[in-house]
Structures are given as C-alpha cells and as structure tokens.
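Peer 1:
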Amino acid sequence: MVVVGGAGLNFTHRQLNRAFGHLLDGAAFVAMHRNLYWRTAAGMELDTGAYVAALEESSGLAPVVLGKPSPDFFATGVAELGLTPDRVAMVGDDVENDVVAAQRCGLTGVLVRTGKYRPEAVDRASGTPDHVIDSFADVPALLAG
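So the sequence shown is numbered by the numbering used here: it starts at 81 and just counts up by one.
Here's what the structure looks like:
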C-alpha cells in the first residue's frame, strides 16, 4: 500500500520513485488529501497533492482520498455534527479543496483571505465562494447574519 501524506523537506525523488514502483506492482493508492501547496514561514511550498498528482498521472491509478476534497470527508463531518449539509459552513483558505469541494456536498463555502489564499487561485476556481472574508475572526459576524 502506498499512502501519501505530509511530505516534508526530507522527501526525495528516490522516495517518490519507490512509491511509483510499488503502484506499478499493484499496491493500493491512498492519499490523505489533494492540497497542492501550503504557506509556511518560508513562503509557499508544495504539499501532498502535488505528489499525489504526479503519482496518479504516471501510474494511471486514482487514489482513495481520505481528506479534502473527498465528499466522504465532508459527509462524515456533517454526520458527526448531527446536522444537515445546509446547516454547515466550511471556512478555508483553499478555494478549490476547501470551499468548492464543500459546496459540491451542500455546505456553505466561505473563503478566508489568509494562509495560502491567492487571488489568482480564485480566478481559476471551478466555482465561486458563497462568502469571502478577510479573517477567521469575521466568522461569528457572518454566521450571525
């Protein structure tokens, strides 16, 4: 089984090739999420999704995705809350994997302009956020109406 999770600075081309070889040999393919990049203290860096995309394209295999943007991820969260999707909002800084993915599952999608938010990502997104806020601190006022 090949599980792709957090690939830190010590992740190497050799490790990526080993995973590729295991997939070609029939290993199951699991991804923790599909986020392509994230913001660190050093700036934007590649995230797990970039490596997942490379392995998916090169092996021809689609991974089982356990986290965002998997519909099961959102459905499980909604069920755990004991609510219906229309009563839940997803607040995130990734317009595609947080906001649009949540909207596809019936949740309200709120994009926050912090973290890895980039205006050009919004322009390329496959959907439009229900709300855009400047800070997570704006959530209570948004929910209050």
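By construction, the Cβ of each residue, glycine as well, lies at the ideal position given by its N, Cα and C atoms.
Would DSSP call Thr164 helix, strand or coil?
Peer 2: The residue you call residue 164 lines up with position 84 of the sequence shown. DSSP places Thr164 in coil when its eight states are reduced to three.
Peer 1: Does DSSP classify Phe109 as helix, strand or coil?
Peer 2: The residue given as residue 109 occupies position 29 in the sequence shown. Residue state, collapsed to three classes: strand.
Peer 1: With DSSP as the reference, label Ala133 as helix, strand or coil.
Peer 2: Position 53 of the sequence shown holds residue 133. Three-state result, Ala133: helix.
Peer 1: Report the CB separation of Val190 from Val175 in whole angstroms; it is logged as a contact under 8 angstroms.
Peer 2: As a first step, residue 190 must be located in the sequence shown, where it is residue number 110. As a first step, residue 175 must be located in the sequence shown, where it is residue number 95. That belief does not hold up - the Cβ atoms of Val190 and Val175 are roughly 11 angstroms apart, past 8 angstroms.
Peer 1: I need the DSSP call for Ala142, collapsed to helix, strand or coil.
Peer 2: For the purposes of this step, residue 142 is taken as the residue at position 62 of the sequence shown. DSSP places Ala142 in coil when its eight states are reduced to three.
Peer 1: Measuring CB atoms only, is the region 134 to 144 touching the region 102 to 109, in the sense that at least three cross pairs come out at less than 8 angstroms?
Peer 2: Touching, yes.
Peer 1: Among Gly162, Val83, Leu96 and Arg167, which one has its Cα closest to the Cα of Thr56?
Peer 2: This structure gives no information on residue 56, because the portion of the chain shown stretches from 81 to 225.
Peer 1: Can we say the region 117 to 127 touches the region 141 to 158, given the rule of at least three CB pairs closer than 8 angstroms?
Peer 2: The answer is no - the region 141 to 158 does not touch the region 117 to 127, with fewer than three Cβ pairs under 8 angstroms.
Peer 1: Just to confirm before moving on: does the CB-CB distance between Ala108 and Leu135 stay below 9 angstroms?
Peer 2: Within the sequence shown, numbered from 1, the residue matching residue 108 stands at position 28. Within the sequence shown, numbered from 1, the residue matching residue 135 stands at position 55. Going by C-beta atoms, Ala108 is not nearer than 9 angstroms to Leu135.
Peer 1: In three-state DSSP terms, what is Leu191?
Peer 2: Translated into positions along the sequence shown, residue 191 becomes position 111. In this structure, Leu191 counts as strand in the three-state DSSP scheme.
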